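J.: Encoded as structure tokens, here's the structure I'll be asking about.
Residue numbers (the numbering used here), protein chains in the order written: chain A, 3 to 112; chain B, 752 to 867.
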């Protein structure tokens with residue numbers, strides 16, 4: 003079983019739509035959670051950290067459910083520039099490395 | 752205020768040759784991480800280094816791969832006797848303190864290795 007699992011997509015949605023990504027992690031010792039964005043052939047960039055209380059940054063909302071070991075990302079009013087691959091990332095307690103999901107590819111269509 | 756720098760950006764090697772990938776962390780950062788991304792896959796951790804020390808190499812293949820982060824100069828990821836399966840994007844990241852999920856890891860643009 004993969005440590006971090008995501009639906010690989012691709013997701014194709016029209017501009018202005020709301021899109022939701024889900025992610026599950028297997029290691030209960032996971033302590034920190036993130037969503038990264040990766041554009042084609044570029045490096046991953048931190049989109050937002052994910053907290054148990056949930057957090058919002060503009061059109062982006064992230065949620066964490068520790069009991070279910072489940073993380074989500076919601077993008078409202080999607081823009082063409084949101085087209086990218088979204089990576090669910092966790093950090094295991096006591097380790098310095100980041101564990102990445104395989105990513106979900108999103109294409110926003112005009 | 753330069754970010755993480757990696758060179759070369761693209762590297763082509765024939766099977767059996769050596770590949771050397773360089774990473775200069777952000778100014779003031781002394782923690783370096785190497786990740787590999789195979790085509791259509793997520794990034795996989797390889798190794799975590801501090802100056803002159805390898806802290807965690809649990810993701811490094813047992814043979815042909817080595818990494819160093821000397822007191823002076825960039826971190827080097829070295830792949831000996833490359834094979835086609837080594838073709839991938841290799842990303843370096845750095846952080847100010849041990850990351851542990853608290854301090855952001857900043858990624859470089861990556862080196863795309865192609866083995867022919």
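Idealized CB from N, CA, C, for every residue including glycine. In this text, all values refer to a predicted model and were calculated from it rather than measured experimentally.
May I have a chain-ordered list of the beta strand (DSSP E) segments no shorter than 3 residues that lie completely inside the region 11–88 of chain A?
T.: Runs of the beta strand (DSSP E) inside the region 11–88 of chain A: 13–16, 21–27, 32–40, 46–52, 57–59, 62–67, 72–77.
J.: So is residue 825 of chain B in contact with chain A if we call contact Cβ pairs under 8 Å?
T.: Taking the second chain and counting its residues from 1, the one referred to as residue 825 of chain B is at position 74. Not one chain A Cβ lies under 8 Å of residue 825 of chain B.
J.: Tell me, which residues are paired with residue 833 of chain B by DSSP?
T.: Numbered from 1 along the second chain, position 82 holds the residue referred to as residue 833 of chain B. According to DSSP, which records beta bridges pairwise, residue 833 of chain B is partnered with nothing at all.
J.: Given this structure, state the Cα-to-Cα distance separating residue 97 of chain A from residue 784 of chain B, to the nearest angstrom.
T.: Looking up residue 97 of chain A in the first chain gives position 95. Looking up residue 784 of chain B in the second chain gives position 33. So the alpha carbons of these two residues sit roughly 12 Å apart.
J.: Using 8 Å as the limit for Cβ to Cβ distance, is residue 45 of chain A near chain B?
T.: Stepping through the first chain from its first residue, residue 45 of chain A is reached at position 43. Answer yes: the Cβ-Cβ gap between residue 45 of chain A and chain B drops below 8 Å somewhere.
J.: Against residue 1 of chain A, what residues of chain B qualify as contacts under a CB-to-CB distance less than 9 Å, listed in chain order?
T.: Because chain A spans 3 through 112 in this model, residue 1 of chain A falls outside it and cannot be assessed.
J.: Output the boundary residues of the beta strand (DSSP E) element that contains residue 775 of chain B.
T.: As a working mapping, residue 775 of chain B is identified with position 24 in the second chain. Where residue 775 of chain B is concerned, the enclosing beta strand (DSSP E) stretches over 770–775.
J.: So who's on the other strand from residue 756 of chain B, going by DSSP bridges?
T.: Taking the second chain and counting its residues from 1, one reaches residue 756 of chain B at position 5. Per DSSP, B:775.
J.: For the beta strand (DSSP E) that residue 822 of chain B lies in, which residues bound it at each end?
T.: As a position in the second chain, residue 822 of chain B is number 71, starting the count at 1. Element bounds for residue 822 of chain B: n/a, residue is neither H nor E.
J.: So that I know if they touch, is there some Cβ in chain B lying closer than 8 Å to that of residue 108 of chain A?
T.: To locate residue 108 of chain A, count along the first chain from 1; it is residue 106. For residue 108 of chain A, the answer is no, since every Cβ of chain B falls outside 8 Å of its Cβ.
J.: Mind reading off the beta-carbon distance from residue 827 of chain B to residue 819 of chain B? Whole number of angstroms is fine, and I expect it under 8 Å.
T.: The residue labelled residue 827 of chain B in the question sits at position 76 within the second chain. The residue labelled residue 819 of chain B in the question sits at position 68 within the second chain. The Cβ separation is near 5 Å, so the contact holds.
J.: Which residues of chain A have a Cβ atom closer than 8 Å to the Cβ of residue 858 of chain B, listed in chain order?
T.: Within the second chain, numbered from 1, the residue matching residue 858 of chain B stands at position 107. 45, 46, 47, listed in chain order.
J.: Going by DSSP, what residues sit across from residue 7 of chain A in a beta bridge?
T.: For this step, residue 7 of chain A is matched to residue 5 along the first chain. The partner list for residue 7 of chain A (beta bridge, DSSP) reads A:26.
J.: Within 10 angstroms of its Cβ, does residue 782 of chain B collect 16 or more other Cβ (buried), or is it exposed?
T.: On the second chain, residue 782 of chain B is found 31 positions in, with the first residue counted as 1. Label assigned to residue 782 of chain B: buried.
J.: From the DSSP output, in three-state form, read off residue 97 of chain A for me.
T.: Position 95 of the first chain, counted from the start, is the residue given in the question as residue 97 of chain A. Three-state result, residue 97 of chain A: coil.
J.: Taking residue 784 of chain B as the query, report the chain A residues whose CB atoms sit under 9 Å from its CB, ordered along the chain.
T.: Numbered from 1 along the second chain, position 33 holds the residue referred to as residue 784 of chain B. Those within 9 Å of residue 784 of chain B in chain A are 98, 99, 100.
J.: If we ignore side chains and look at the alpha-carbon of each, how far apart do residue 906 of chain B and residue 21 of chain A end up?
T.: Beyond the ends of chain B as shown, which are 752 and 867, falls residue 906 of chain B; an answer cannot be given.
J.: For residue 71 of chain A, decide whether its Cβ has a neighbour in chain B, counting only Cβ atoms nearer than 8 Å.
T.: Locating residue 71 of chain A in the first chain gives position 69, where the first residue counts as 1. It does not; no Cβ of chain B falls within 8 Å.
J.: Can you check which of these residues, A:78, A:42, A:17, A:89, is closest to residue 35 of chain A by C-alpha distance?
T.: Residue 35 of chain A sits at position 33 when you count from the first residue of the first chain. That would be A:89, whose Cα lies nearest to the Cα of residue 35 of chain A.
J.: Would the region 10–21 of chain A count as touching the region 72–91 of chain A if we require 3 or more Cβ pairs under 8 Å?
T.: Touching, yes.
J.: Could you check whether the region 102–110 of chain A touches the region 4–19 of chain A, counting it as contact only if at least three pairs of C-beta atoms, one from each stretch, sit closer than 8 Å?
T.: Yes, they touch.
J.: What three-state label does DSSP hand residue 864 of chain B in the structure shown?
T.: On the second chain, residue 864 of chain B is found 113 positions in, with the first residue counted as 1. If DSSP states are grouped into helix, strand and coil, residue 864 of chain B belongs with the strands.
J.: Near residue 760 of chain B, what residues of its chain come up, given a Cβ to Cβ distance below 8 Å and the 5 sequence neighbours on each side ignored?
T.: To locate residue 760 of chain B, count along the second chain from 1; it is residue 9. The answer, listed in chain order, is 860, 861, 862, 863.
J.: Starting from the beta carbon of residue 842 of chain B, find every residue of chain A whose beta carbon is closer than 7 Å, and list them in chain order.
T.: Residue mapping note: residue 842 of chain B aligns to position 91 of the second chain, counting from 1. The answer, in chain order, is 45.
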